[in-house]
Amino acid sequence: MPEPGQAAPDPAAEAIAWLVRQRDPRFDEWEAFTRWLEADPIHAERYGDLAALDAGVAEDLAAAPPAFETPGAAQVERRGVGILPRAVAAVAALVLVAVGIFLLRPGTAYELATPPGQTKRVQLADGTRVILRGDTRLRLDRAAPREIALQAGEAWFEVAHVPATPFRVRFDGGVAEDLGTRFTVRHLGEGSEVAVAEGAVAVRAGPERIDLTPGRRLRIENGRRRVEPIDVRAVGAWATTSLSYQDAALSVVAADLSRTLGVPVAVAPSLRGQRVTATIQIEADADRSMARLGPLLGIRVVRQGAGWVFAAPR
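For the sequence shown, the UniProt record's numbering puts the final residue at 314, and the numbers step up evenly by one.
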């Protein structure tokens, strides 16, 4: 609330400020940005309008022919113009005054990432909610706000349905297109996985289209595709306090624990083919979480340096 006698904040001005700050590669205030979007529907509306305008003007500038030949390096240094011709700089300055958005940037793409042991919740301009699991990287583009690339890790998507513009997640092995749903996409060591909790997802893997409904999961490993059932409660369970598995490789469990707890977890060679079905409760104390796993999974959990190793029982 503004102080008495103080003007209320202008949503458009605030949206411009967020757009400018997000161009800094070191920007990490995504939770604060999400809170601002959720505080008032007009915030998301203004941000979406300005982001679209920003991307459109940037594309026009990129496509326009140069006004004149770029001066040589020595001339640039002497005149202090940088790498931009004066005409382009003048146009950009006019745009800056009229729109309030600084357009001279390397591009519209940006990345969201989390370190091991941490999750991040983000709300996109269209209202879509994304949760990044630990040790995850997403590639986004303001010029195509409903196109995301999963580069590593796993993310949960709760998509705002826009019939005219499908929401797509690209991953190693295919593209998942949302049909109005909640789902996860995950990068595995030798493939990828898409699982649906609600609604439907169409996955294009090569020439094939695979439609997934709630409680179905597509696994792509070593070029092979397999659709199998999954408990809907297990989809994105890592975003709460538990990890659920049905016939999962022990190496997958270890990788998930590494991302969730932020400590390295390895599997002894003799157990790499072992599969498990279990629900693991996660605590903030990594030692307590790991201590419970031995009896639950029928293995030994051995401390090794800063992490742990799953070993065969004696």
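Don't be surprised by glycine CBs; every beta carbon is placed ideally from N, CA and C.
Helix, strand or coil at residue i according to DSSP, with G and I counted as helix
{"i": "V252", "result": "helix"}
{"i": "L261", "result": "helix"}
{"i": "T108", "result": "coil"}
{"i": "A311", "result": "strand"}
{"i": "F33", "result": "helix"}
{"i": "Q281", "result": "strand"}
{"i": "V302", "result": "strand"}
{"i": "Q246", "result": "strand"}
{"i": "V235", "result": "coil"}
{"i": "A268", "result": "coil"}
{"i": "R216", "result": "strand"}
{"i": "P229", "result": "strand"}
{"i": "R292", "result": "coil"}
{"i": "D211", "result": "strand"}
{"i": "P66", "result": "Any reading at P66 is ruled out, since the residue's pLDDT is 42, under 50, leaving its predicted position unreliable."}
{"i": "A87", "result": "Confidence is the limiting factor: at A87 the pLDDT is only 41, short of 50, which leaves the residue's position unreliable and the question unanswerable from this model."}
Integer Cβ distance of residue i from residue j, believed to fall under 8 Å
{"i": "L257", "j": "V265", "result": "5 Å"}
{"i": "T108", "j": "R142", "result": "4 Å"}
{"i": "K120", "j": "W238", "result": "Incorrect: roughly 13 Å between the Cβ atoms, too far for contact."}
{"i": "S251", "j": "V267", "result": "5 Å"}
{"i": "R146", "j": "F167", "result": "5 Å"}
{"i": "V227", "j": "V196", "result": "Not quite, the Cβ-Cβ distance comes to about 11 Å (not below 8 Å), so this is no contact."}
{"i": "L150", "j": "V185", "result": "5 Å"}
{"i": "G215", "j": "V263", "result": "That belief does not hold up - the Cβ atoms of G215 and V263 are roughly 32 Å apart, past 8 Å."}
Cβ-Cβ distance between residue i and residue j below 7 Å
{"i": "A205", "j": "G153", "result": "no"}
{"i": "V130", "j": "A160", "result": "no"}
{"i": "V301", "j": "M290", "result": "yes"}
{"i": "E158", "j": "R139", "result": "no"}
{"i": "A163", "j": "D135", "result": "Looking at the sequence provided, one finds Pro at residue 163 rather than Ala. Cβ distance not < 7 Å, so P163 and D135 don't count as in contact."}
{"i": "V122", "j": "I148", "result": "no"}
{"i": "L261", "j": "A278", "result": "no"}
{"i": "residue 315", "j": "I230", "result": "The structure shown does not extend to residue 315, since the chain is modelled only from 1 through 314, so no value can be given for it."}
{"i": "residue 315", "j": "R133", "result": "Only positions 1 to 314 of the chain appear in this structure, which leaves residue 315 out of reach."}
{"i": "R11", "j": "H43", "result": "Looking at the sequence itself, residue 11 is Pro, so the reference to Arg does not match. The answer is yes: Cβ separation under 7 Å."}
{"i": "G15", "j": "R46", "result": "Residue identity check: residue 15 is Ala in the sequence provided, not Gly. For A15 and R46, yes; Cβs fall inside 7 Å."}
{"i": "R275", "j": "A249", "result": "yes"}
* To do: May I have a chain-ordered list of the beta strand (DSSP E) segments no shorter than 3 residues that lie completely inside the UniProt domain "FecR protein" (112-201)?
  => 120-123, 129-132, 136-141, 147-152, 154-158, 168-171, 174-178, 182-188, 191-198
* Is there contact between the region 183-203 and the region 285-304, where contact requires at least three CB pairs shorter than 8 Å? -> They do not touch, by the three-pair rule.
* Contact between the region 170-184 and the region 197-215: three or more CB pairs below 8 Å? -> yes
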